[in-house]
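Input: a single structure, listed below in C-alpha cells.
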Amino acid sequence: MASQVASPSASLHTTSSSTTLSTPALSPTSPSQLSPDDLELLAKLEEQNRLLETDSKSLRSVNGSRRNSGSSLVSSSSASSNLSHLEEDSWILWGRIVNEWEDVRKKKEKQVKELVRKGIPHHFRAIVWQLLCSAQNMPIKDQYSELLKMTSPCEKLIRRDIARTYPEHNFFKEKDSLGQEVLFNVMKAYSLVDREVGYCQGSAFIVGLLLMQMPEEEAFCVFVKLMQDYRLRELFKPSMAELGLCMYQFECMIQEHLSELFVHFQSQSFHTSMYASSWFLTIFLTTFPLPIATRIFDIFMSEGLEIVFRVGLALLQMNQAELMQLDMEGMLQHFQKVIPHQFDGGPDKLIQAAYQVKYNSKKMKKLEKEYTTIKTKEMEEQVEIKRLRTENRLLKQRIETLEKESASLADRLIQGQVTRAQEAEENYLIKRELVTIKQQSDEASAKLEQAENTIRKLQHQQQWHKCNSNYNEDFVLQLEKELVQARLSEAESQCALKEMQDKVLDIEKRNNSFPDENNIARLQEELIAVKLREAEAIMGLKELRQQVKDLEEHWQVYHCILYVF
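Quick note on UniProt numbering: the sequence shown kicks off at 1 and runs consecutively.
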C-alpha cells in the first residue's frame, strides 16, 4: 500500500489511552533491519517526543488534530534538543489552533494569517497546510492506490525530471531512492487525475516540498487542492494562460511602483518572464534556500499567489539600485547568483518588506479584466489573422491558377501571333504570286490579243493572197529571175574585179620593169583608170549584194507566209 511508504517527515500520532507521542511504524521491518540513518532519525524523533511530553496541553491539542496521520522522518532532522519558552508558547498556541480549527478559522482568520506570516512551527506544518487548503478526508485519497497501478503517458517525462528536482537534498538526490519513488508516484497519480494538465516540471518542486512534510497520500491530496483552488492548475496548463496574466499584473505593479526600474528593464529588453516565471511556477522554491522558500510557502497556503507578487516586488525594491547599473546579462546573473543568498540569515526582513508593498486586490481584478480583454482581442485578431491567412492562401492558390491560365493564354497568344505572322507572310507571298500571275495574265492577254490580231491580220493576208495568188506566183518568178540575174552579175563583177586586180598587178610589174618616165606616167594613168573602174565595179558589186540580200529577205518572208497558211 502507498500509505505504508515512509515520507521524509512525520505526522504526530495519538493513542486513545495516553497523551504521549509514539514513533510511527514504518513497516513490519525489525529495528535490526533498519539502516543506521533510519535508526538515528528514529532516535531523534523519540527525543522530541520526550520533550513534547513536558506540556500536556500541547500534546492534547496535537493529539486531537493529528489522529490517523502518518509520521515524518525528515521533519525531525531540524528539531532542536532544547525548546525555548517562546517555542513552547508557539507550540501551545498552534496546538490550540489545530484542535479548534473550524472555530478559529471563522472567528480569528486575521490572527491566523498573522501567525502564519510569522512562521508555522515545523512539526505543525503538515497538519496546518492540510487545514489551510481543506485537504483532509478528500475522497480522492482512496483512489490513490488504484491510480498507482495504472499507466500514465507522462511517466517517461516524470522519470526524466525526477533527478532535477532538489538534486542537493538528501531525500531526493539518490537515484531510485525512496524520495524519488514517492515523488514519481504523486506526479504520476496527478497526471492520471488531470489529463489536461498532465505533468509540468515546475510542479515537481511543490510536490517535493509537500513530501518533505507529510506522507505521499496526504501530499497528493494537498497538491490536488492547490491545483484546484490556488490557480496552480491554470499556471501549469499547456497554454500557461494564467502565467501570462501573472506576468502582466506583475509588470503593471513594477510600472506603477518602480517606474525607473521599469524603464530600465524596457531599455535593456529585460522581459518580466525572464526572471519572474519561476517565482510563480515554483513559489520561489527554485529561487531561495528551502528554509526561506518554506516560510513563503506557509503564507502562500494561507493567502494564495498574493505573496508571490508581494515578495517579487519587495525583491526588486531592495535590489533596484544594483539592477539600474547592470545590463541584461548582468541582471540575469544578479537574479541567479546574488538574490538567492541575500536572506540566508532569515526570511523575516524579506517578509516584512513584502507586506510594506502596496497590493490592491481591486486593482489586480481590474488588471485581470484588462488582460482578459487584451487576450480576447488578441484571440479575435488571431482568428481574423487565421481567416485572412486562409483567404490569403486561397487567393495565392487562385493567383497561381490565374498565373497558369495567364501563362497558357500568353502562350496561346504568342502562338496566335506567330501563326498570324506566318499567315501574313503567306498572304504577302500569295499577293506577290497573285501580282505575278496578274502580270503574266496581262501579258498572256496582251499576247493573246496580239496573236488574235496577228491571226486576223494573217487571215486578211490569207484572203489577200488568195485573191492575188496569181500575182504572187509571177512576182516570185520575177524575184527568182532577178536573184539569178543578180548572182550572175555578181559573179561577172567578181571575175571582172579579179581580172582588173590581175591586170593591176601585171601593170605594176611592168611599171617596175620600165624605168622610162613617160611610160611610167602613162602606166600610172592607166592604173588610176583601172582603179576607178575597180572602185565602180566594187560599188556595183555591193549594190548587187544588197539586192541579193533584199531578195533573199523577201524570199524568206514569202516562204514563212506560205508555211503559216
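Ideal Cβ positions, reconstructed from N, Cα and C, are used throughout, including at glycine.
| Asked | Found |
| --- | --- |
| Whole angstroms is fine: what's the gap from lysine 57's alpha carbon to isoleucine 92's? | Legend: pLDDT at lysine 57 = 35, less than 50; position of this residue unreliable, value from coordinates given subsequently. Taking the straight line from one Cα to the other gives about 7 Å. |
| With a cut-off of 8 Å, do at least 3 Cβ pairs link the segment 378-391 to the segment 142-159? | no |
| Using the rule of at least 16 other Cβ atoms within 10 Å of the residue's Cβ for burial, across every protein chain shown, is leucine 305 buried or exposed? | buried |
| When you compare the CB positions of alanine 219 and leucine 211, do they come within less than 9 Å of one another, or not? | yes |
| For valine 207, which option in Ser273, Thr282 and Asn392 has the closest C-alpha, if you only look at C-alpha atoms? | Thr282 |
| Leaving out the 5 sequence neighbours to the left and right, which residues in its chain are closer than 8 Å to leucine 209 when beta-carbon positions are compared? | Leu285, Leu290, Ala293, Thr294 and Phe297 |
| Check each candidate in Val308, Asp89 and Phe250 and name the one with the smallest Cα separation from isoleucine 120. | Asp89 |
| May I have the straight-line CA-CA distance separating glutamine 333 from tryptophan 279, to the nearest angstrom? | 16 Å |
| Roughly how many angstroms separate the alpha carbons of leucine 429 and serine 441, rounded to a whole number? | 17 Å |
| Applying the 10 Å Cβ sphere with the 16-neighbour rule, what's the burial state of asparagine 427? | exposed |
| Going by the CB atoms, is the gap between glutamine 130 and valine 222 shorter than 9 Å? | yes |
| Taking 9 Å as the cut-off, decide whether the C-beta atoms of threonine 287 and proline 340 are in contact. | yes |
| By the three-class DSSP mapping on this structure, what secondary structure does glutamine 356 have? | coil |
| Consult DSSP for serine 81 and reduce its assignment to one of helix, strand or coil. | Per-residue confidence for serine 81 stands at a pLDDT of 43, beneath the threshold of 50, marking its modelled position as unreliable; the derived number appears in the next sentence. Of the three classes helix, strand and coil, the one that applies to serine 81 here is coil, per DSSP. |
| Between valine 418 and arginine 389, what straight-line distance do the alpha-carbon atoms span, to the nearest angstrom? | 42 Å |
| Roughly how many angstroms lie between the CA atoms of leucine 261 and valine 357, to the nearest whole one? | 16 Å |
| Should valine 182 be labelled buried (16 or more other beta-carbon atoms within 10 Å of its own) or exposed? | buried |
| Compare the Cα-Cα distances from methionine 253 to each of Glu368, Ala496, Cys154 and Phe236 and report the closest residue. | Glu368 |
| If tyrosine 359 sits next to phenylalanine 309, beta carbons under 8 Å apart, how far is it from one beta carbon to the other, in whole angstroms? | 6 Å |
| Taking the runs of the alpha helix (DSSP H) that are 4 residues or longer, which of them lie wholly in the segment 126-162? | 144-149 and 155-162 |
| In angstroms with no decimal places, state the Cα-to-Cα distance between alanine 407 and methionine 274. | 53 Å |
| In three-state terms, what does DSSP make of glutamine 228? | helix |
| Check whether the Cβ atoms of glutamate 234 and alanine 241 lie closer than 9 Å to each other. | yes |
| In this structure, how does DSSP classify glutamate 174 when only helix, strand and coil are distinguished? | coil |
| Could you spell out where the alpha helix (DSSP H) holding lysine 106 opens and where it closes? | 101-107 |
| Look at glutamine 317 and histidine 257 and say whether their C-beta atoms are less than 9 Å apart. | yes |
| Is it buried or exposed for glutamate 216, if we count other Cβ within 10 angstroms and need 16 for buried? | buried |
| Can you find the residues in the same chain that come closer than 6 Å, C-beta to C-beta, to alanine 354, ignoring five residues on each side of it along the sequence? | Arg310, Val311 and Ala314 |
| Tell me the start and end of each unbroken alpha helix (DSSP H) in the segment 280-304 that is at least 4 residues and wholly inside, in chain order. | 290-303 |
| Kindly indicate which residue of Ser361, Gln213, Arg195 and Lys447 has the alpha-carbon position closest to the one of alanine 126. | Gln213 |
| Whole alpha helix (DSSP H) runs in the segment 219-264 with 4 or more residues, listed along the chain? | 232-236 and 241-257 |
| Let me confirm a value: lysine 188 is counted as buried when at least 16 other C-beta atoms fall within 10 Å, else exposed. Which label applies? | buried |
| Suppose you measure from the CA of serine 203 to the CA of glutamate 155; what does that come to, to the nearest Å? | 14 Å |
| What's the call for aspartate 161, buried or exposed, on a 16-neighbour Cβ count within 10 Å? | buried |
| Who are the near neighbours of glycine 244 in its chain, counting only those whose CB is closer than 8 Å to its CB and skipping five residues on each side? | Tyr371 and Lys375 |
| Which whole-angstrom value is the C-beta distance of leucine 541 and glutamine 501, which I expect to be below 8 Å? | Not confirmed; about 13 Å, so no contact. |
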